[in-house]
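Novice: Using full-length UniProt numbering, read the sequence shown as starting at 17 and increasing by one per residue.
We treat Cβ as the ideally placed atom computed from N, Cα and C, and that holds for glycine.
Below you'll find the structure I mean.
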Amino acid sequence: AIIVLDFGSQYSRLIARRIRENHVYSELVPAETTLEQLQREKAHLDIRGFILSGGPASVYDAQAPRCDPAILQSGLPVLGICYGMQLLAHQLGGHVAPARGRREYGPATIELQSAAGDQGRAAEIFAGLAQADMAGEGRSLKVWMSHGDSVDQLPPGFSVLARSESNPCAAIAGPGGLIGLQFHPEVTHTPQGREILRNFLFRVCDCRADWTPGSVIDETVAQIRSRVGEARAICALSGGVDSAVAALLVHRAIGERLTCVFVDTGCMRAGEPEQVVETFSRHLHIPLIAVDARQRFLARLEGVTDPEQKRKVIGEEFIRVFEEEALRLAQEQGPISFLVQGTLYPDVIESAGRDTASTATRIKTHHNVGGLPEEMTLQLVEPLRWLFKDEVREIGLALGLPEEWVWRHPFPGPGLAIRVIGAVDEQRLETLRAADAILIEELRRAGLYRQVSQAFAVLTPVRSVGVMGDGRTYAQVVALRAVTSEDFMTADWARLPYDLLARVANRIVNEVAGVNRVVYDVTSKPPATIEWE
Ligand code: XMP
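Next comes the structure, spelled out in structure tokens:
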């Protein structure tokens, strides 16, 4: 494994992902984590090297985060990137020049230095990368820079591996596999960045590429088995990929002692409830309780128009239904000790260091369900808490989850209720569901479904005048929304082909009763959000 010490760069997670893409396990830990802590808490990992990420600080800031000196002296390779490089140089006795208003930002070319002294394996970082130029002289690489401070004096025993026009120390190396890169190998703007990181993993650190979907599944299943033992577990399926993969892993570990609960809120997309039942019960043979709670949710939503109120009502009602089922199940089949959740690594990083073993959730009865115990405490099982979304997808496929499910666009918990703008009722949900299904079907048919991050229809509260045949209509307006996004924090509207939009609009006004106009949302996020409510 490679440990990435996070000094606050926006790219820290990307570094971990780039490493994992090479089938080497990587974890992100807070900058101040000590070697002793790692040896204690991560004893199960075979740590082969460290990466110090970039970060916004300057080594001269009083509050600047430091790296535990023991890590730099551990004898294991350390790659410092940007701030990480400056810190490495600073802590090992070199000198860092403050920015003085000058920043190097954007594309740059670095010249590799051949007579850089013998830095053994550290020099392997650029192995096989740069071709000599036409004159057969310097070897250069295009890289992405983003920094203010720079190293202007090497620590003892270090030498320069590469220089750029404005920076004599663009890459440096010291004894024992200590390397500093002033540029960012983890971003795609550094065209050979992947090769540089690969060199670090396999030439400098001697990592093995043995972290594969198969090994992840085996390890996770073994861990779940030892944790859950002979106890029973329960899992709420949402129809999304995370809860499904979490359930599949736990099912592989404890079999029939896992029961899944799927709550049909009446706010799902067309065909979704059926697919959950079909896939889990019939195809994968996993015990499933499917609850038709459509009327309950509709009743609670009646007259609710405020978006946040809708979220609250649906969230509360969902927990209520789930608790009832959990309690009923416990009564019928014996106590349940574990709750399976599809928490992903990015959420774990955000809530830094929350420990699963000590987290428990308490289920209470709101209604007195036939003499059941008043409450039960469930320990959390989070089999995806070390995984990124793309890794979860890969594992889902390996576990037999249908491709359509694995690649489904994200869908908000409150579902169609926040896409029917204003008051929600059965008819308006049905109208929206039909329009949405047409959009998705045409998007798939055009081969564009996976190229957009999220696409859906919105039922607006607007009515507009139209003409159909000889008659005037006064009917509802559907808006189409399709966006591309890396992380859903920002998004751009998808440039869908006009003829696709035309086909979708035409089909919706012809096939969906009560709709006579379709518009396309061309707003980015920010300032708009992806959802309308
Ligand atoms: P916005 O609309 O804030 O959405 O740009 C960003 C992403 O979050 C999803 N979203 C939700 N997911 N419960 C959820 O589980 C919600 O209440 C909710 N609201 C928005 C949205 O679909 C998009 O992927």
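Determine the DSSP secondary structure at V329, reduced to helix, strand or coil.
Specialist: Helix.
Novice: Could you tell me the alpha carbon to alpha carbon distance between S374 and H301, rounded to whole angstroms?
Specialist: With a pLDDT of only 48 at S374, under 50, the local geometry of the prediction cannot be trusted, and the value read off the model is given with reservation. Near 31 Å, if we compare the C-alpha coordinates of H301 and S374.
Novice: Please report how far the alpha carbon of S259 lies from the alpha carbon of F504, in whole angstroms.
Specialist: Cα to Cα, S259 sits roughly 19 Å from F504.
Novice: Do N532 and V538 come within 9 Å of each other at the CB atom, strictly closer than that value?
Specialist: Cβ distance not < 9 Å, so V538 and N532 don't count as in contact.
Novice: Cα separation between K328 and S25?
Specialist: Roughly 35 Å between the two C-alpha positions.
Novice: Beta carbon of F278, beta carbon of L304: below 9 Å?
Specialist: Taking 9 Å as the Cβ cut-off, F278 and L304 qualify as a contacting pair.
Novice: Just confirm the distance between the C-beta atoms of I411 and V266, as a whole number of angstroms; I'd bet it's less than 8 Å.
Specialist: About 13 Å; that fails the 8 Å criterion.
Novice: Work out the CA separation of G209 and L88 for me, nearest whole Å.
Specialist: Distance between the alpha carbons of L88 and G209: 23 Å.
Novice: Can you give the Cα-Cα distance for S501 and R460, rounded to whole angstroms?
Specialist: Cα to Cα, the separation comes out at about 18 Å.
Novice: Could you pull the start and end residues of the beta strand (DSSP E) that E407 belongs to?
Specialist: Premise fails: E407 lies in the alpha helix (DSSP H), 405–414, not in any beta strand (DSSP E).
Novice: Please find out if some non-hydrogen atom of ligand 1 comes closer than 8 Å to the beta-carbon of E458.
Specialist: Incorrect: E458 has no Cβ contact closer than 8 Å to ligand 1.
Novice: What do you reckon, is the C-beta of F334 under 8 Å from a heavy atom of ligand 1?
Specialist: For ligand 1, not one heavy atom lies less than 8 Å from the Cβ of F334.
Novice: Look at A113 and D77 and say whether their C-beta atoms are less than 9 Å apart.
Specialist: No, these two residues do not count as a Cβ contact at 9 Å.
Novice: Secondary structure at I141, three-state DSSP: helix, strand or coil?
Specialist: Helix.
Novice: So which residues touch the region around ligand 1, with touch meaning a C-beta under 7 Å from any heavy atom?
Specialist: Those satisfying the condition are, in chain order, R327, P426, F427, P428, G429, P430, I434, Q470, F504, A507, K541, T545, I546, E547.
Novice: Which of the three DSSP states is assigned to M505 in this structure?
Specialist: In the structure shown, M505 sits in coil (DSSP, three-state: anything other than H, G, I, E or B).
Novice: V220 to I434, Cα distance in whole Å?
Specialist: One C-alpha to the other measures close to 51 Å.
Novice: Tell me, to the nearest whole angstrom, how far the beta carbon of A139 is from that of L95; I am working on the premise that it is less than 8 Å.
Specialist: So it is not a contact: roughly 13 Å between Cβ atoms.
Novice: For the beta strand (DSSP E) containing M484, name the first residue and the last one.
Specialist: M484 -> beta strand (DSSP E) spans 470–484.
Novice: Candidates R497, L516, V237, E288: which alpha carbon is nearest E549's?
Specialist: Taking only the C-alpha atoms, the option nearest E549 is R497.
Novice: Could you check whether I250 and L355 sit closer than 9 Å to each other, using their CB atoms as the reference points?
Specialist: It is a contact, given that the beta carbons lie within the stated cut-off.
Novice: Could you give the distance in angstroms between the alpha-carbon of C276 and the alpha-carbon of T204?
Specialist: Near 40 Å, if we compare the C-alpha coordinates of T204 and C276.
Novice: Quick one: is S367 buried, meaning 16 or more other Cβ sit within 10 Å of its Cβ, or exposed?
Specialist: Exposed.
Novice: Check whether the Cβ atoms of V474 and L314 sit closer than 9 Å, and answer yes or no.
Specialist: Going by C-beta atoms, V474 is not nearer than 9 Å to L314.
Novice: Could you tell me if E290 is buried or exposed, where buried requires 16 or more neighbouring beta carbons within 10 angstroms of its beta carbon?
Specialist: With fewer than 16 Cβ atoms within 10 Å of its Cβ, E290 is classed as exposed.
Novice: For E181, count the other beta carbons within 10 Å of its own beta carbon; 16 or more makes it buried, fewer makes it exposed. Which is it?
Specialist: With fewer than 16 Cβ atoms within 10 Å of its Cβ, E181 is classed as exposed.
Novice: Indicate whether R29 and L44 have their beta-carbon atoms separated by less than 9 Å.
Specialist: It is a contact, given that the beta carbons lie within the stated cut-off.
Novice: Measure how close the beta-carbons of L68 and I97 come, nearest whole angstrom, since I'm counting them as under 8 Å.
Specialist: About 7 Å separates the two Cβ atoms, so the contact holds.
Novice: Quick check on E246: buried or exposed, where buried means 16 or more other Cβ atoms within 10 Å of its Cβ?
Specialist: It is exposed - the Cβ of E246 has fewer than 16 other Cβ atoms within 10 Å.
Novice: Assuming V531 is part of the alpha helix (DSSP H), what are its boundary residues?
Specialist: Looking at the DSSP string, V531 is not in any alpha helix (DSSP H); the run it does join, the beta strand (DSSP E), is 531–536.
Novice: Quick one: give me the first and last residue of the beta strand (DSSP E) that N183 is part of.
Specialist: Start and end: 183–190.
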